[in-house]
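Enquirer: Sending over a structure as structure tokens; questions will come in a sec.
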Amino acid sequence: MQLTKMGRQPCCDKNGLRRGPWTIEEDHKLMTFILNNGIQCWRLVPKLAGLMRCGKSCRLRWINYLRPDLKRGAFTEAEEDMIIQLHSRLGNRWSKIAAQFPGRTDNEIKNHWNTRIKKKMKYLGLDPRTHHPIEQHHNLDPTVNIQNDESTSSYNTFNNHTIKEENVNILNDKTPTIEDIGVMMMSHDHPLESCSTSFELEFPQNWIDSPGFQWDAFNDPGLGFH
DNA sequence: AATTAATCCAACCGCGAGGGG
DNA sequence: TCCCCTCGCGGTTGGATTAAT
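Numbering (this note's numbering), first residue to last: 1 to 226.
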């Protein structure tokens with residue numbers, strides 16, 4: 001890759017710019033600036049907000065942590081099921097997947113996939129990339145694994161679901177992929193809408209408590225927080 | 001209590017897409 | 001058409017935390 005010829009510059013001028021974890025003060029500066037001014041150009045944001053960060057870092061911090069519409073907390077089983085379904089169709093297109101989950105970030109979903117769901121699928125004998133069984137002799141026996149299996153907490157995603165009668169045909173025809181299982185569960189009891197009803201705003205308490213913070217600012221139509 | 005291993009997740013990096021001059 | 005720039009995406013890293021020994 002010939003960066004100099006193509007003119008692509010490093011994301012930031014390394015000299016004098018801070019990296020690493022954000023401080024409360026930095027968060028507050030960035031938040032205040034965006035609330036008051038919106039976002040026109042990320043490259044200008046740190047300069048105008050008085051931050052010694054590159055625009056890219058500011059953008060990431062805003063999107064993954066400061067955005068007021070972020071839904072925090074653990075993923076629900078329904079969300080996990082939906083992620084698996086979407087991943088089987090979209091692959092590692094995390095932003096596309098995240099678009100189906102209001103309040104979740106692509107980074108959050110990606111991390112959850114890499115740390116939890118992948119392990120769960122491997123444990124079930126499924127290839128996380130293809131969503132198909134890894135080896136034939138490790139076939140998932142749906143009648144055993146989908147029903148309650150108290151001995152393995154890794155099966156939780158499937159534990160609390162029963163299978164519709166018509167779906168038994170699917171299981172009889174072939175070894176189900178995790179996508180099949182997801183379809184069965186979605187058709188049964190977990191419409192995605194149920195995930196968002198528990199939507200909850202949880203801001204970093206430290207700067208909510210700080211002087212000058214006003215929830216009213218989020219009503220600014222220019223910011224699109226509705 | 002100390003050390004090591006495992007896990008989690010925020011943040012960084014490199015790259016491609018796309019737009020403007 | 002080419003060059004430059006910004007933005008956004010996906011992969012990866014590394015520090016903090018937790019669990020195990």
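Ideal Cβ placement from N, Cα and C applies to all residues, glycine included.
Source: prediction; values computed, not measured.
Pick helix, strand or coil for residue 68, following the three-state DSSP scheme.
Expert: Within the first sequence, the letter at position 68 stands for residue 68. Of the three classes helix, strand and coil, the one that applies to residue 68 here is coil, per DSSP.
Enquirer: Is it right to say residue 121 is buried, meaning 16 or more other beta carbons lie within 10 angstroms of its own, or is it exposed?
Expert: Numbered from 1 along the first sequence, position 121 holds the residue referred to as residue 121. Counting Cβ neighbours within 10 Å, residue 121 comes out buried, since at least 16 surround it.
Enquirer: Looking at residue 63: is its Cβ nearer than 8 Å to the Cβ of residue 105?
Expert: Within the first sequence, residue 63 is the residue found at index 63, counting from 1. Within the first sequence, residue 105 is the residue found at index 105, counting from 1. Yes, these two residues count as a Cβ contact at 8 Å.
Enquirer: Out of 97, 109 and 88, which has the shortest C-alpha to C-alpha gap to residue 127?
Expert: In the first sequence, counting from the first residue as 1, residue 127 sits at position 127. Of the listed residues, the one whose Cα sits closest to residue 127 is 88.
Enquirer: Using the three-state DSSP reduction, which class does residue 17 fall into: helix, strand or coil?
Expert: Residue mapping note: residue 17 aligns to position 17 of the first sequence, counting from 1. Coil, per DSSP.
Enquirer: Quick check: residue 103 and residue 69, are their CB atoms within less than 8 Å of each other?
Expert: By 1-based counting over the first sequence, the position of residue 103 is 103. By 1-based counting over the first sequence, the position of residue 69 is 69. Yes. Within cutoff.
Enquirer: What does DSSP give as the partner residues of residue 60 in its beta bridges?
Expert: Along the first sequence, one-based indexing puts residue 60 at 60. The partner list for residue 60 (beta bridge, DSSP) is empty, contrary to what the question assumes.
Enquirer: Between which residues of its own chain and residue 29 is the CB-CB distance below 8 Å, once the five residues before and five after are set aside?
Expert: Residue mapping note: residue 29 aligns to position 29 of the first sequence, counting from 1. 49, 50 and 51.
Enquirer: Please classify residue 24 as buried or exposed, where buried requires at least 16 neighbouring CB atoms within 10 angstroms.
Expert: Sequence index remark: in the first sequence, residue 24 carries index 24 (1-based). It is exposed - the Cβ of residue 24 has fewer than 16 other Cβ atoms within 10 Å.
Enquirer: Is it buried or exposed for residue 129, if we count other Cβ within 10 angstroms and need 16 for buried?
Expert: Within the first sequence, the letter at position 129 stands for residue 129. It counts as exposed.
Enquirer: Please report the residue range of the alpha helix (DSSP H) in which residue 22 lies.
Expert: By 1-based counting over the first sequence, the position of residue 22 is 22. Unbroken run through residue 22: none, as it is neither H nor E.
Enquirer: So for residue 207, helix, strand or coil by DSSP?
Expert: Here residue 207 corresponds to residue number 207 of the first sequence, with the count starting at 1. Note that residue 207 scores a pLDDT of 47, beneath 50, so its modelled location is shaky; the value from the coordinates is reported in the next line. Residue 207 falls in the helix class under three-state DSSP.
Enquirer: If you drop the 5 nearest sequence neighbours on each side, which residues of the same chain put their C-beta closer than 8 Å to that of residue 37?
Expert: The sequence position of residue 37 within the first sequence is 37, counting from 1. Excluding positions up to five away in sequence, the list reads 48.
Enquirer: Using 8 Å for Cβ pairs, my map puts residue 98 next to residue 109. What's the rounded Cβ distance?
Expert: Here the question's residue 98 lines up with position 98 in the first sequence. Here the question's residue 109 lines up with position 109 in the first sequence. Contact holds; Cβ gap of about 5 Å.
Enquirer: Candidates 35, 58 and 32: which alpha carbon is nearest residue 22's?
Expert: Residue 22 sits at position 22 when you count from the first residue of the first sequence. The option with the nearest alpha carbon to residue 22 is 58.
Enquirer: Determine which residues share a DSSP beta bridge with residue 133 and list them.
Expert: As a working mapping, residue 133 is identified with position 133 in the first sequence. Paired residues: 126.
Enquirer: Within the same chain, show all residues whose beta-carbon is closer than 7 Å to that of residue 94, passing over the 5 residues directly before and after it, in chain order.
Expert: Counted from its first residue, the first sequence places residue 94 at position 94. For residue 94, where only same-chain residues beyond five positions count, the Cβ hits under 7 Å are 106, 109 and 110.
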